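Undergrad: There's a structure below that I have some questions on.
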């Protein structure tokens, strides 16, 4: 299940309860598997990221996962209705890891060094981990 050529992407997913401003399990970044996410992200000191590889996809195949946003109403800023209500955007898709993949994806590894539980095919990803918040 190794990537060939430009195949292979790394998804950065926000961890539940982490300090990021994203919703839990949001797919925040999709990048080529061969590109490092950078030392601060890969160190994952605040346990804010999960790292999952899709071995048979390109960024073009899955870029909608980070670009499709859904709008929702923002209530007034306080309980007295003071503040301006409006619209905000949040990511539409999330990735909920299960079983052994949870622990495997806590640590950044290169694609070559990643254990099998950290690598999936696009079909496995869409049937087992991908959730559309609009239909959930």
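In the numbering used here, the protein residues as written are 991 to 1126. The beta-carbon is built from N, C-alpha and C at its ideal position, and this holds for glycine as well. Here the structure is a predicted model, which means the values were calculated and not measured.
1) Quick one: what's got a C-beta closer than 6 Å to residue 1018's C-beta in the same chain, skipping five residues either side?
2) Among residues of its own chain, excluding the 5 on either side of residue 1118, which ones have a beta-carbon nearer than 8 Å to its beta-carbon?
3) Beta-carbon within less than 7 Å of residue 1020's beta-carbon, same chain only, minus the 5 sequence neighbours each way: which residues are those?
4) Whose C-alpha, out of 1120, 997, 1086 and 1035, is nearest the C-alpha of residue 1014?
5) For a quick check, are the C-beta atoms of residue 1101 and residue 1024 less than 9 Å apart?
6) Look at the Cβ atom of residue 1022, then the Cβ atom of residue 996, and state whether they are nearer than 9 Å.
7) Give the single residue among 1095, 1080 and 1083 whose Cα lies nearest to the Cα of residue 1037.
8) Alpha carbons only, please: which of 1124, 1106 and 1098 is nearest the one belonging to residue 1030?
9) Under a Cβ-count criterion, where at least 16 other Cβ atoms within 10 Å of its own Cβ denotes burial, should residue 1016 be classed as buried or exposed?
10) Within 10 angstroms of its Cβ, does residue 1080 collect 16 or more other Cβ (buried), or is it exposed?
11) Classify residue 1054 as helix, strand or coil using the three-state DSSP reduction.
TA: This is what the structure gives:
1) For the purposes of this step, residue 1018 is identified with residue 28 of the chain shown, where counting begins at 1. Cβ neighbours of residue 1018 beyond the five flanking positions: 1002, 1004 and 1012.
2) Locating residue 1118 in the chain shown gives position 128, counting from the first residue. Counting only Cβ-Cβ distances below 8 Å, and skipping sequence neighbours, we find 1088 and 1110.
3) Residue 1020 sits at position 30 when you count from the first residue of the chain shown. 999, 1001, 1049, 1052, 1053, 1055 and 1056.
4) Reading the chain shown from its first residue, position 24 is the one you call residue 1014. Considering only alpha carbons, the answer is 1086.
5) Here residue 1101 corresponds to residue number 111 of the chain shown, with the count starting at 1. Here residue 1024 corresponds to residue number 34 of the chain shown, with the count starting at 1. Closer than 9 Å, so yes.
6) Translated into positions along the chain shown, residue 1022 becomes position 32. Translated into positions along the chain shown, residue 996 becomes position 6. Against a cut-off of 9 Å, the Cβ pair of residue 996 and residue 1022 comes out as a contact.
7) In the chain shown, the residue the question calls residue 1037 occupies position 47. Measuring from the Cα of residue 1037, the nearest candidate turns out to be 1095.
8) As a position in the chain shown, residue 1030 is number 40, starting the count at 1. Of the listed residues, the one whose Cα sits closest to residue 1030 is 1098.
9) Indexing the chain shown from 1 puts residue 1016 at position 26. Per the 10 Å Cβ criterion, buried.
10) Within the chain shown, residue 1080 is the residue found at index 90, counting from 1. With fewer than 16 Cβ atoms within 10 Å of its Cβ, residue 1080 is classed as exposed.
11) As a working mapping, residue 1054 is identified with position 64 in the chain shown. Residue state, collapsed to three classes: helix.
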